[in-house]
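*Asks:* Chains as they are written, first to last, in the working numbering: chain V, 3 to 287; chain D, 3 to 287; chain Z, 3 to 287.
1) Could you compute how far the alpha carbon of residue 59 of chain V sits from the alpha carbon of residue 205 of chain V?
2) Which word fits residue 158 of chain Z, buried or exposed, when buried means at least 16 other C-beta atoms lie within 10 angstroms of its C-beta?
3) Is the Cβ-Cβ distance between residue 172 of chain D and residue 154 of chain D less than 8 Å?
4) Express the C-alpha separation of residue 55 of chain D and residue 85 of chain D in angstroms, rounding to a whole number.
5) Output the distance between the C-alpha atoms of residue 162 of chain D and residue 194 of chain D, rounded to the nearest integer angstrom.
6) Taking the beta strand (DSSP E) that residue 178 of chain D falls in, what are its first and last residues?
7) Using alpha carbons as the reference points, say which of Z:102, Z:13, Z:4, Z:220 lies closest to residue 1 of chain D.
8) Are the stretch 14-33 of chain Z and the stretch 25-34 of chain V touching by the rule of at least three beta carbon pairs closer than 8 Å?
9) Looking at the structure shown, is residue 137 of chain Z part of a helix, part of a strand, or coil, going by DSSP?
10) From this set, D:121, D:9, D:197, which residue's C-alpha is nearest residue 141 of chain D's C-alpha?
11) Less than 8 Å between CB atoms is the rule here; does residue 69 of chain V satisfy it with respect to chain C?
12) Using beta carbons (cut-off 8 Å, strictly below), is residue 31 of chain D in contact with chain V?
13) Using a cut-off of 7 Å between C-beta atoms, extract the partners of residue 137 of chain Z located in chain D.
14) Along chain D, which residues have their Cβ under 7 Å away from the Cβ of residue 82 of chain Z?
15) Looking at C-alpha atoms only, which residue of D:100, D:98, D:112, D:73 is the closest neighbour of residue 156 of chain D?
16) Between the stretch 165-179 of chain D and chain Z, which residues of the former have CB atoms less than 9 Å from a CB of the latter, in chain order?
17) If you scan the stretch 36-75 of chain D from start to end, which runs of the beta strand (DSSP E) of 3 or more residues do you find wholly inside it?
18) Determine, for residue 28 of chain D, whether the minimum Cβ-Cβ distance to residues of chain Z falls below 8 Å.
19) Could you tell me whether any Cβ in chain V is nearer than 8 Å to the Cβ of residue 101 of chain D?
20) Taking 8 Å as the CB-CB limit, is residue 3 of chain D close to chain Z?
21) Locate the alpha helix (DSSP H) running through residue 169 of chain V, then write down its first and last residues.
22) In terms of residue numbering, what span does the alpha helix (DSSP H) encompassing residue 150 of chain Z cover?
23) Considering only the alpha carbon of each residue, which of V:50, V:95, V:97 lies closest to residue 74 of chain V?
24) Using a Cβ-Cβ cut-off of 8 Å, state whether residue 25 of chain D counts as contacting chain V.
25) How about residue 118 of chain Z and residue 165 of chain Z: are their beta carbons less than 8 Å apart?
26) Quick check: the Cα distance between residue 71 of chain V and residue 69 of chain D, rounded to an integer number of angstroms?
27) Residue 175 of chain Z: which of Z:152, Z:62, Z:100, Z:3 sits nearest, CA to CA?
28) Is there at least one Cβ from chain Z nearer than 8 Å to residue 76 of chain V's Cβ?
29) Could you give the DSSP three-state label for residue 97 of chain D: helix, strand or coil?
30) Using three-state DSSP, classify residue 91 of chain V as helix, strand or coil.
31) How would you label residue 98 of chain V, buried or exposed, when you count the other beta carbons within 10 angstroms and need 16 or more for buried?
32) Do you know offhand how far residue 19 of chain Z's Cα is from residue 76 of chain Z's?
33) Would residue 85 of chain V count as contacting chain D if we go by Cβ distances under 8 Å?
34) Cβ atoms of residue 217 of chain D and residue 199 of chain D: under 8 Å apart, would you say?
35) Assign residue 96 of chain Z to buried or exposed, taking buried as 16 or more other Cβ atoms, counted over all protein chains shown, within 10 Å of its Cβ.
36) Using beta carbons (cut-off 8 Å, strictly below), is residue 37 of chain V in contact with chain D?
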């Protein structure tokens, strides 16, 4: 599903997106979800997680600050999400850094039917069985394109390896989204926020590679700054969309202030609510 | 108590406001409390929650990300707060969305002596036994005025149902605060922040309907933008009050940046530290 | 180690700084760490805390929202950090407010080899056995200089008592850093953020009194505002440092937006990447 179509669907349905996420970037994740047009909810207690996900249109799992009770909540919520047939998006934060994170990501991928996995090159390489260097939750090296393709093939799900260029693969085809990430690493949580947008798009349009790529391209569109602020290098993100704006698509730049760390995305491929040619490019198999 | 009087009391006493709150908007809640002139503290461990609330002048409970150990902490802190006679303000986030949230809100209302309940129309309708639609933590429908009146009557406490217009009732009389909420739903946590302000006012002036209404009107005053920024639609909130400002009342607009979601309140009724006629209006019984 | 040297080391090594911290200011702590040039990671589960700290170059412990499982995680991580010989920085948030916080801070200081303790005057006075008034997590009174000196002597570690003037002592000598804190108390988490910067500096240069003082002076440099914004009283902090900037030192003001609370530091002693004479002054023994 293309971005405009997904955004119209989100805008009209206001889907509930249930996040089981970390406590570092949870506020950014909630605001990103709300500004994309969906309704975020965070609920982790085993007493309610199944009931809450029963109201939701997508489940987004981010293991950034995991512990056993969190993993149990994910397991309960994920099984219910699978029963209901709603998409489950996984951000395997820190897979490759500790064995607990790697094992948890692998366990969730085997126990649950995951729709899409979104991580950085190191995390995705780890899940693909490739060499990787993950320091804490940062990827220091790794071939993102190859990692996405291999992981998608091995796991049988859509996989996005995000970075300066995002690669999204279904194992056969791989899309490249080049909406510019050069300074993105200087704000904590941009990866978590982009996965949240994927969750919103999935709620409206599922999680095939095209939809995931459009979600990332939409998120990347955050980079367009109005001239008067370009000098400050503000990062713009889809965090303050106003009512009715979705009909026209993301036609104006939006501010993205994450804890004071403000950077600018370099390349913008969105225009007038449509992806311009080039925003999502086949990177080949 | 009127806003100016409450703000002067807060400014001179610097009361400690103990929050048992959710992890999504906790930073906004803390900053809102501090900028209102009170001292925020978050402490949830059973090992210290009773001792901490013994230092506090108000307890604010927000069940946005509840679980059993959180509820136990609330129960311990609430009982001690009741023994000490300090106000307890409850934000029943998501009541009506899951049975765990509804049951917890009801349990706290029966176990503890709550001074004021602040929620959206759906949450308050749920507690009043009226039909409501709560999706996650968002209210999608509900007659806020009727809900506030009925809930206040049934529960015997001050009840605020917040929304585009806030309604505050003691069961007999109902106050309307029309400080403009049209875009408020586009920032995560404005409801939590307004409840935090109610907690600060309650610390100085108790939680009768008038004081709660003035707290919400004060929070609503956040909407006044200086002309040069009106075009950006910034939301202003009482988050950056400077020392000594309370003496003159909230005479200048303040910036309210919540995770990059920045909106503007539409109608401002505060001026020169006083509520202008019309800010708090009797909506009738 | 002086600030420029520490910043160059951080910039070239990108050390992982493991934070066991509170959920109120965790996002600010992570962004501050990242913008100082280090990589932040938050991980608390007993299943991974030892493995994660084994990848780290410093451990920063902040007990702002402690509970027993948090303390256990600190104990496990701290012991491993000690085995590896990496610095452990402790922010004893709220010591003096409740016996649980005081006892926990004291327990950690006796069980672990702590490299530096950073707190406000009340917290440090408490650990020094001096009279103090701590309301929640705010210090209301206390002689910061005397507290730092006495605590450092008694505990045998570097101690920083932060406030309008920061005092850093090794028990024999005491440094004063007067980078202006007058309005700092009006943003939640500036103390936590300054401790995070100490952690980053410690990762590169250890935690002797000079290095800690330079870290605080660097953080204090946040106060320089460009003229056009001086009127708004923005606080500037090292939160948006750009790549390559470290080579030239912190030569430009940076924005510090913490939940909308924006204040200005008053005195700036940094210039051209170097501490000007006066920034760090010996306050005498």
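Glycine included, each C-beta is placed from N, C-alpha and C at the ideal position.
*Replies:* Well, looking at it:
1) Cα-Cα distance, rounded: 5 Å.
2) exposed
3) yes
4) 11 Å
5) Near 13 Å, if we compare the C-alpha coordinates of residue 194 of chain D and residue 162 of chain D.
6) 176-179
7) Past the edges of chain D, shown from 3 to 287, lies residue 1 of chain D, and the structure says nothing about it.
8) yes
9) Reduced to three states, the DSSP call for residue 137 of chain Z is strand.
10) D:121
11) In summary, chain C is missing from the structure at hand, where the protein chains are V, D and Z.
12) no
13) 18, 41, 57
14) The premise fails here: residue 82 of chain Z is roughly 24 Å from chain D at the closest Cβ pair, so nothing lies under 7 Å.
15) D:112
16) Close to chain Z, meaning a Cβ-Cβ distance shorter than 9 Å, is no residue of the stretch 165-179 of chain D at all.
17) Counting whole runs of 3 or more residues, the stretch 36-75 of chain D contains the beta strand (DSSP E) stretches 41-44, 60-64.
18) yes
19) yes
20) no
21) Not the alpha helix (DSSP H): residue 169 of chain V falls in the beta strand (DSSP E), residues 168-171.
22) 146-157
23) V:50
24) Yes, residue 25 of chain D counts as interfacial toward chain V.
25) For residue 118 of chain Z and residue 165 of chain Z, no; Cβs fall outside 8 Å.
26) 11 Å
27) Z:152
28) Chain Z, which has no Cβ nearer than 8 Å to the Cβ of residue 76 of chain V, makes this no.
29) strand
30) strand
31) buried
32) Near 14 Å, if we compare the C-alpha coordinates of residue 76 of chain Z and residue 19 of chain Z.
33) no
34) yes
35) buried
36) With a threshold of 8 Å between beta carbons, residue 37 of chain V makes contact with chain D.
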